[in-house]
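Student: Numbering (this note's numbering), first residue to last: 180 to 403.
Beta carbons: idealized from backbone N, C-alpha and C, even for Gly.
Before I ask anything, let me first share the structure, which is written out below as structure tokens.
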Amino acid sequence: MTTFAIIGAGRNLGAALARRFGREGFDLALISRSQERVDALADDLRAEGLTARGYAANVRDPEALVEALDRASQELGPIEVLSYNPLPQKEFLRPLLESTVADVRAAIEFSVYGPLAAVHQVLQGMRVLGRGTVLFVNGGSAVQPVQHFAGTSIAFAGETAYAEMLRQAMADEPIHVGQLIIPGGIIAGHPDKDPEVLAEKLWRMHAERGEFRHFATELEEQPY
Ligand SMILES: NC(=O)c1ccc[n+]([C@@H]2O[C@H](COP(=O)([O-])OP(=O)(O)OC[C@H]3O[C@@H](n4cnc5c(N)ncnc54)[C@H](OP(=O)(O)O)[C@@H]3O)[C@@H](O)[C@H]2O)c1
């Protein structure tokens, strides 16, 4: 069986994604900073009959991220689908005039260097497999900068550019690249923004291989 690697495998969208793809038969590689938390989620998923393992890595540490993905593919099987959806830290969400170089550097490490390292690591395996999907999940500031959330707005713009260029670079290869934008946040019970609804949308993006960018809802008119 092939593996679905979730970078940012928490209890919200991460867990819903794991269950949705797990139902389709994927083995699940769960990656976040805390080994304890990904192990606990993997235990829960295994109790439900899925195959799951946890790997600790901080996405701001490219070597650790690459090593986690490498171990996952050796222990579970080749990575066919990669989802990049870690939840940005609070310091990336400061207003523009209060944001320091260190804040923005950290956001760029998180949203640009992390995806670059992860994709670089999994791409060759997808080529050997003859198929693959790379999914990016972002808030609305990825397509509409908001001065209240300066770090993510600057870094998500870089991530969006990277993802769009990856889509171009993969145009002649059997590797699909997609981005889901969730304006205004994930909301349990919301018809379009509940984690399970979003996980279903990401599953369809993978299965149907359509447009590059999808929106959970329309962008808010004046998020600032
Ligand atoms: N939550 C929202 O309202 C909202 C709004 C718009 C967009 N989104 C997008 O939706 C996605 C998932 O959000 P979510 O709230 O549903 O998250 P989630 O499933 O609860 O999990 C996200 C996980 O990311 C991990 N993480 C954070 N920083 C990390 C780092 N430096 N390295 C590795 N892992 C890290 C955290 O685990 P550790 O603490 O163990 O590292 C956390 O459990 C993200 O792409 C986010 O941008 C969310």
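Taking the alpha carbon of L478 as the reference point, which residue from P370, A378 and L229 has its own alpha carbon closest?
Tutor: Outside the displayed span of the chain (180 to 403) sits residue 478, for which this structure offers no information.
Student: Please name the residue or residues paired with L261 in a DSSP beta bridge.
Tutor: Partner(s): A184 and V313.
Student: Can you pull every residue whose C-beta falls closer than 5 Å to some heavy atom of ligand 1, listed in chain order?
Tutor: Qualifying residues, in the order they occur: G187, G189, N191, L192, G193, S211, R212, S213, R216, N237, V238, N264, P265, L266, V316, G318, I361, G364 and I365.
Student: What do you get for M305, buried or exposed, if any count of 16 or more other CB atoms within 10 angstroms of its CB means buried?
Tutor: Counting Cβ neighbours within 10 Å, M305 comes out buried, since at least 16 surround it.
Student: Secondary structure at F391, three-state DSSP: helix, strand or coil?
Tutor: Looking at F391 - three-state DSSP - the assignment turns out to be coil, as it is neither helix nor strand.
Student: Figure out for me which residue from K372, I287, T331 and H369 has the closest Cα to the Cα of P274.
Tutor: Looking at the Cα atoms, T331 is the closest of the given residues.
Student: Run through DSSP, which three-state label would I333 get?
Tutor: In the structure shown, I333 sits in a helix (DSSP, three-state: H, G or I).
Student: Beta strand (DSSP E) containing D206: first to last residue?
Tutor: Unbroken beta strand (DSSP E) run through D206: D206 to S211.
Student: Sort out for me which residues DSSP pairs G233 with in a bridge.
Tutor: In DSSP, G233 forms a bridge with L209.
Student: Counting pairs of beta carbons, one from the stretch 277-284 and one from the stretch 236-254, are three or more of them closer than 8 Å?
Tutor: The stretch 277-284 vs the stretch 236-254: no contact.
Student: If I follow the unbroken alpha helix (DSSP H) through I354, where does it start and stop?
Tutor: Element bounds for I354: not the alpha helix (DSSP H) but the beta strand (DSSP E), I354 to I361.
Student: How is G193 classed by DSSP in three states: helix, strand or coil?
Tutor: The answer is helix: DSSP assigns G193 an H, G or I state.
Student: Using only alpha-carbon positions, find the residue among G389, A386, P370 and E387 that is nearest to A395.
Tutor: Nearest of G389, A386, P370 and E387 to A395, Cα basis: P370.
Student: For P353, count neighbouring Cβ atoms within 10 angstroms of its own Cβ and tell me buried if that reaches 16, exposed if not.
Tutor: P353 should be labelled exposed.
Student: Roughly how many whole angstroms lie between the Cα atoms of L381 and L276?
Tutor: Each residue's alpha carbon lies about 35 Å from the other.
Student: Tell me G318's beta-bridge partners as DSSP assigns them.
Tutor: According to DSSP, which records beta bridges pairwise, G318 is partnered with I361.
Student: Enumerate in chain order the residues of its own chain whose CB-to-CB distance from R199 is below 7 Å, with the five nearest sequence positions on each side excluded.
Tutor: Excluding positions up to five away in sequence, the list reads A378, E379 and W382.
Student: What does the alpha-carbon distance come out to for the pair G337 and P265?
Tutor: Roughly 16 Å between the two C-alpha positions.
Student: In the DSSP assignment, the alpha helix (DSSP H) including E399 goes from what residue to what residue?
Tutor: Unbroken run through E399: none, as it is neither H nor E.
Student: DSSP on Q323, reduced to helix/strand/coil?
Tutor: Three-state result, Q323: coil.
Student: With DSSP as the reference, label S290 as helix, strand or coil.
Tutor: It is helical.
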